[in-house]
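Chemist: Those letters in the sequence shown? Residues 1 to 58, by full-length UniProt numbering.
We put the CB at the ideal spot given by N, CA and C, even for glycine.
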Amino acid sequence: MTAEPVRLMTMRVTRIRDGRVIEQRPEVRVTARTPLDPFHFASAWPPCQCPRHRENAH
């Protein structure tokens with residue numbers, strides 16, 4: 001018997017260019033069938049390439 005998926009988070013992607021919204025994607029629910037360690041969320045690969053995280057990566 002398999003366990004029901006656990007809802008971990010809900011995400012929505014909004015793309016912005018020059019201060020204007022250019023795309024809004026539908027809501028996505030992130031689920032898992034096994035318990036996750038919080039470290040798994042902090043160790044995503046590939047790493048985020050947004051300017052804030054790119055500057056702090058070094």
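Who are the near neighbours of residue 12 in its chain, counting only those whose CB is closer than 8 Å to its CB and skipping five residues on each side?
Modeler: The residue you call residue 12 lines up with position 12 of the sequence shown. So the list reads 24, 25, 26, 27 and 28, once near-sequence residues are dropped.
Chemist: Quick one: Cα of residue 3 to Cα of residue 18, how far?
Modeler: The count along the sequence shown starts at 1 and reaches residue 3 at position 3. The count along the sequence shown starts at 1 and reaches residue 18 at position 18. Rounded to whole angstroms, residue 3 to residue 18 spans 45 Å at the Cα level.
Chemist: Short of 6 Å in beta carbon distance, which residues of its chain neighbour residue 30, apart from the five on each side in sequence? Order them along the chain.
Modeler: Within the sequence shown, residue 30 is the residue found at index 30, counting from 1. So the qualifying residues of the chain are 8 and 9.
Chemist: Could you give the DSSP three-state label for residue 33: helix, strand or coil?
Modeler: The sequence position of residue 33 within the sequence shown is 33, counting from 1. Correct three-state label for residue 33: coil.
Chemist: Near residue 15, which residues of its chain fall below 6 Å by C-beta distance, leaving aside the five closest residues on each side in sequence?
Modeler: Taking the first residue of the sequence shown as 1, we reach residue 15 at position 15. Around residue 15: 22 and 23.
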